[in-house]
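In what follows, a single structure is set out as structure tokens and then discussed.
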Amino acid sequence: MSIRPILIHPDPRLRKVVPAVPQVDEKVRKLAEDMLQTMYDAPGIGLAAPQIGAMQRIFVMDCEREEPGDHPTVCINPEITWASDEMVTSEEGCLSIPDYYAEVDRNERIRLAFTDLDGKRREEEFDGQWAICAQHELDHLDGKLFIDYLSAVRRQMITQKMKKLKKERARA
Ligand code: ZN
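Under my numbering, the first residue of the sequence shown is numbered 537, with each subsequent residue one higher.
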């Protein structure tokens, strides 16, 4: 397992609709392990493959904040099959947009179909933080970021700050 560098917005790889994983093999399992380790190290509660430059439909999450590492969840080729009419507003952040948080509306509960690390297709219902996180991560696989839900002015302001951050990091 290894910790991979996380791409910072703006980056063209964070804006791509990425293709499905054709088959769950050793390479995919290794990628998922690296993603989990990178996420826990950050630390974060979710990470999508494009955030480390792996252009495939995989995300990982673990929303049990009390004991990190307890509920590693790997979702391959995820699809929302049902979403509640009830919405919930919460403050979101993103490992690719460090130190910025904003309120975003999401469906309160969802059912998610996905392939697990054994290559089995399954369907699970998520609520609370899990449902919010899954929708945020699924957006990443379609090249969408949480700042896309904000006003254009706010989005541009955050993007400028991120450009500055990237320059500072490149110099360091
Ligand atoms: Zn994110």
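C-beta atoms are modelled at their ideal positions from N, C-alpha and C, and glycine is treated no differently.
When the distance is taken between beta carbons, is residue 622 closer than 8 Å to residue 644?
yes
How many angstroms separate the CA atom of residue 522 from the CA atom of residue 707?
Any property of residue 522 remains undetermined from this structure, which presents the chain solely from 537 to 708.
Hey, would you say the C-beta of residue 543 is under 7 Å away from at least one heavy atom of the ligand ZN?
no
What are the boundary residues of the beta strand (DSSP E) that residue 610 is part of?
609 to 619
Could you tell me the distance, in whole angstroms, from the CA atom of residue 682 to the CA atom of residue 689?
14 Å
Check whether residue 590 and residue 567 have beta carbons under 8 Å apart:
yes
Identify, in the order they occur along the chain, each residue of the same chain with its Cβ nearer than 6 Å to the Cβ of residue 716, setting aside the five sequence neighbours on each side.
In this structure the chain extends from 537 to 708, so residue 716 is not present and cannot be described.
Can you tell me the Cα-Cα spacing of residue 639 and residue 624, whole angstroms?
10 Å
Which same chain residues end up closer than 7 Å to residue 584 when comparing Cβ atoms and leaving out the 5 residues on each side of it in sequence?
595, 673, 676 and 677
With respect to the alpha helix (DSSP H) encompassing residue 690, which residues constitute its N-terminal and C-terminal limits?
688 to 707
By Cβ distance, which residues of its chain are closer than 8 Å to residue 542, with the 5 residues on each side in sequence left out?
574, 578, 583, 587, 588, 631 and 632
Take residue 660 as the anchor and find which of 612, 646 and 538 has the nearest alpha-carbon.
646
Pick out whichever of 608, 592 and 652 has its Cα sitting closest to the Cα of residue 557.
592
I need the DSSP call for residue 554, collapsed to helix, strand or coil.
coil
My output table needs one value for residue 541: the three-state DSSP class, helix, strand or coil.
coil
Paired residues, beta bridge with residue 630 - DSSP:
633
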